[in-house]
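Engineer: There's a structure below that I have some questions on.
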Amino acid sequence: MTTPRVGEHLASPSDRTCRPTLTSRPQIPQPAGSTSRPRRILMLSWEYPPVLVGGLGRHVHALSLALVAAGHEVTVVTRHAEGAPLEEYADGVRVVRAAEDPVTFPLATGSLLAWTMAFNHTLTRAALRAAESGGYDVVHAHDWLVAHTAMTLRDHLDVPLVSTIHATEAGRHQGWLPEEMNRTIHGVEHWLSNESGRVIVCSGYMRDEVTGLFGVPAGRVDVVPNGVEPHRWKAPVAAVAAARRRFAGDGPLVTFAGRLVYEKGVQHLLASLPRLRDRHPGLRAVIVGDGPYRGELEAEVHRLGLAGTVSLPGFLGGTDLPAVMAASDCFAVPSIYEPFGMVALEGAAAGAPLAVAATGGLAEIVEPGVTGMTFRPQDPDGLSEAVHALLSDTDRARMLARRARVMVHEQYGWAAIAQRTVDSYATAIAGSSSFTAAQAAQRMAHGRPASPAVGEGNLLAAAGLR
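Counting from 1 along the sequence shown, just add 6 to a position and that's the residue number in our numbering.
Right, dumping it as structure tokens:
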């Protein structure tokens, strides 16, 4: 597993000793015409604004806002960042932030498991305090990093657990689990998936991965895609022009945006650029984002003689990212592993012509020759041809971009995604049974069932997923 990038500050000593004092909550009206019963939802996530590491935090934030807009009550329990309140209502969402204990563990690859266990201790305490305000209908956990807190709350509060598996450790490593840490994370994912009343995944590809890797019955897995707010990705004309001046030369502009990690495939985009530059004089490429793979990518830029062609500006905030997407002649998504492909929706919403790897959820989003161009993953030549097709026929590229933008508006709105999530909650609630004292005593005496042993070799191949 790659090292998570941490952009926020740790909690101060005073933050660690103060507890939230906010007890009142706003009355959220049920929207007119709504037929579903309002739910009280306890959401667990290791990232939530202002702590944003990857796409998971943005997903949880947007989903929480959409659930509140639909008349449900949402409490998100998450990490603390210096300067952020330990508890607040933000846009109708109750946010409870768990400050780190005074003795902290580094958030780095070598100590990730120790950090995660320490985080779950403080997260559990914060969540139990949050639950004192009244009964919740469901606990919704996002990924393995909150699994231990999720299990504790399910048993202590006697409510069903729904978990969203955003990605798997085996998937992130193309089927391999090279180290003990990777095998441990895989085991936690297996445990969380099988202990959840419903499992939510973002694509049909991820449904197959969860059922194949963890043995979860397909009938307990719900496919609920990620969403996008199209209006947030429409940049002002002046901002688009400024981005073009900043990043483009005399030729076309190719853009990538995402975390700089191996599985995002930026190395293959770089490998395609010498040929593209020969075919399109003046071509420039901008690699937006940051991450642990940045050093290797910078070295590759120099090795390929691309220093005058490629810029790596790091993260872009505000309207800068939508603007550079809209200014692009091609927005490339060369992922090796992509459970969904949220960034492709964002690029489409910004109006950029798409060239994406036909892998995972990306293959379900982009229809070749209709809403964008596709290519095989890890194929720089195929990537080059897909990008060339867009750069050499701008009329066709604009037509594909228009179709993709319409597709985003029609299929990936957050209101519909929130309703599908609520449907998963309802199914979990209807199928749940009380956690009895006898069950609790049995678990205390015998422990939980052990996860199946992790097999040797490539797990995706063994599950028939490669």
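Ideal placement from N, C-alpha and C gives every residue a C-beta, glycine not left out.
Tell me whether Glu462 is buried or exposed, calling it buried when 16 or more other Cβ atoms sit within 10 Å of its Cβ.
Structural biologist: Glu462 should be labelled exposed.
Engineer: Can you tell me whether Ser40 is buried or exposed, with buried defined as 16 or more other CB within 10 angstroms of its CB?
Structural biologist: Because the pLDDT at Ser40 is just 48, under 50, the model does not fix this residue reliably, and the point stays unresolved.
Engineer: Can you give me the Cβ contacts of Tyr54 inside the same chain, cut-off strictly under 7 Å, excluding the 5 residues immediately before and after it?
Structural biologist: Around Tyr54: Gly63, Val66, His67, Val82, Thr84 and Val101.
Engineer: Could you tell me which residues DSSP puts in a beta bridge with Ser169?
Structural biologist: Bridge partners of Ser169: Ala147 and Val205.
Engineer: Which residue marks the beginning of the alpha helix (DSSP H) containing Ala132, and which one marks its end?
Structural biologist: Taken as a continuous stretch (DSSP letters only), the alpha helix (DSSP H) holding Ala132 covers Leu118 to Ala137.
Engineer: Rounding to the nearest angstrom, what Cα-Cα distance links Phe346 and Arg382 in this structure?
Structural biologist: Each residue's Cα considered, the two are about 16 Å apart.
Engineer: Determine the extent of the beta strand (DSSP E) in which Leu266 is found, giving its start and end residues.
Structural biologist: Leu266 -> no beta strand (DSSP E), and no H or E assigned at all.
Engineer: Let's test the definition: count the other Cβ atoms within 10 Å of the Cβ of Arg31 and tell me whether it reaches 16, buried, or not, exposed.
Structural biologist: Because the pLDDT at Arg31 is just 46, under 50, the model does not fix this residue reliably, and the point stays unresolved.
Engineer: Using only the alpha-carbon positions, how far apart do Glu370 and Cys208 sit?
Structural biologist: Going by the C-alpha atoms only, they are around 11 Å apart.
Engineer: I need the DSSP call for Asp228, collapsed to helix, strand or coil.
Structural biologist: DSSP places Asp228 in strand when its eight states are reduced to three.
Engineer: Shortest alpha-carbon distance to Ala424 belongs to which of Leu167, Gly271 and Gly233?
Structural biologist: Closest by alpha carbon: Gly233.
Engineer: Just to confirm before moving on: does the CB-CB distance between Glu201 and Glu175 stay below 8 Å?
Structural biologist: No. Outside cutoff.
Engineer: Would you check if the distance between the CB atom of Ser278 and the CB atom of Leu397 is smaller than 8 Å?
Structural biologist: For Ser278 and Leu397, no; Cβs fall outside 8 Å.
Engineer: Between which two residues does the alpha helix (DSSP H) harbouring Pro386 extend?
Structural biologist: It spans Pro386 to Leu397 - the alpha helix (DSSP H) in which Pro386 sits, taken as one unbroken run.
Engineer: For Ala392, I'd like the list of residues in its chain whose CB is within less than 7 Å of its CB, leaving aside the five on either flank, ordered along the chain.
Structural biologist: Here the set comprises Ala361, Met379, Thr380 and Phe381.
Engineer: Using the Cα positions of Phe253 and Ala114, report the straight-line distance between them to the nearest angstrom.
Structural biologist: Approximately 33 Å between the Cα atoms of the pair.
Engineer: So what does DSSP say about Tyr418, is it helix, strand or coil?
Structural biologist: Tyr418 falls in the coil class under three-state DSSP.
Engineer: Whose C-alpha, out of Trp121, Gly141 and Asp143, is nearest the C-alpha of His154?
Structural biologist: Of Trp121, Gly141 and Asp143, the residue nearest in Cα terms is Trp121.
Engineer: Quick test of your reading: Thr377 and Ala410, contact by CB under 8 Å. State the CB separation rounded to the nearest angstrom.
Structural biologist: 4 Å between Cβ atoms; contact.
Engineer: Where does Val243 land, buried or exposed, given buried means 16+ other C-beta within 10 angstroms?
Structural biologist: Val243 should be labelled exposed.
Engineer: For the putative contact between Ile206 and Asp143, defined by C-beta atoms under 8 Å, what is the C-beta separation to the nearest angstrom?
Structural biologist: No, Ile206 and Asp143 are not in contact; Cβ-Cβ is about 16 Å, not under 8 Å.
Engineer: Just the Cα atoms here: how many angstroms apart are Arg131 and Thr400?
Structural biologist: Looking at the two C-alpha atoms, the distance is approximately 56 Å.
Engineer: Work out the CA separation of Met123 and Gln273 for me, nearest whole Å.
Structural biologist: If you take the alpha carbons of Gln273 and Met123, they lie about 33 Å apart.
Engineer: So which of Val349, Ala332 and Gly375 has the shortest CA-CA distance to Tyr418?
Structural biologist: Nearest option by C-alpha distance: Val349.
Engineer: Just to confirm my understanding: we take Val229, look at its own chain, exclude 5 residues before and 5 after, and list those with CB closer than 7 Å. What are they?
Structural biologist: Excluding sequence neighbours, Val229 sits near Val207, Ser209, Gly210 and Arg213.
Engineer: Could you pull the DSSP bridge partners for Leu259 from this structure?
Structural biologist: Answer is Arg290.
Engineer: Mapping DSSP to helix, strand and coil, what is Phe220?
Structural biologist: Note: Phe220 maps to helix in three-state DSSP.
Engineer: Here's a check: name, in chain order, each residue in its chain whose Cβ is nearer than 6 Å to the Cβ of Arg281, leaving out the five neighbours to either side.
Structural biologist: Only Ser390 meet the Cβ criterion.
Engineer: Would you kindly work out how many angstroms separate the C-alpha atoms of Ala421 and Ser430, rounded to a whole number?
Structural biologist: When rounded, the distance between both Cα atoms is 15 Å.
Engineer: List, from N- to C-terminal side, the beta strand (DSSP E) runs of 3 residues or more that fit wholly inside the segment 278 to 365.
Structural biologist: With a minimum length of 3 residues, the continuous beta strand (DSSP E) runs that stay inside the segment 278 to 365 are 290 to 294, 316 to 320, 336 to 339 and 360 to 363.
Engineer: Quick check: what's the CA-CA separation for His286 versus Gly116?
Structural biologist: Each residue's Cα considered, the two are about 44 Å apart.
Engineer: Output the boundary residues of the alpha helix (DSSP H) element that contains Ala104.
Structural biologist: Ala104 -> not in any alpha helix (DSSP H); beta strand (DSSP E) instead, spanning Val99 to Ala104.
Engineer: Check whether the Cβ atoms of Leu183 and His192 lie closer than 8 Å to each other.
Structural biologist: The answer is yes: Cβ separation under 8 Å.
Engineer: Going by the beta-carbon positions, is the gap between Val316 and Ile293 smaller than 8 Å?
Structural biologist: Yes, they are a contact pair.
Engineer: Only counting the same chain, and skipping five residues up and downstream in sequence, which positions put a Cβ closer than 6 Å to that of Asn126?
Structural biologist: The residues are His154 and Thr155.
Engineer: Please classify Gly177 as buried or exposed, where buried requires at least 16 neighbouring CB atoms within 10 angstroms.
Structural biologist: Looking at its Cβ environment, which holds 16 or more other Cβ atoms inside 10 Å, Gly177 is buried.
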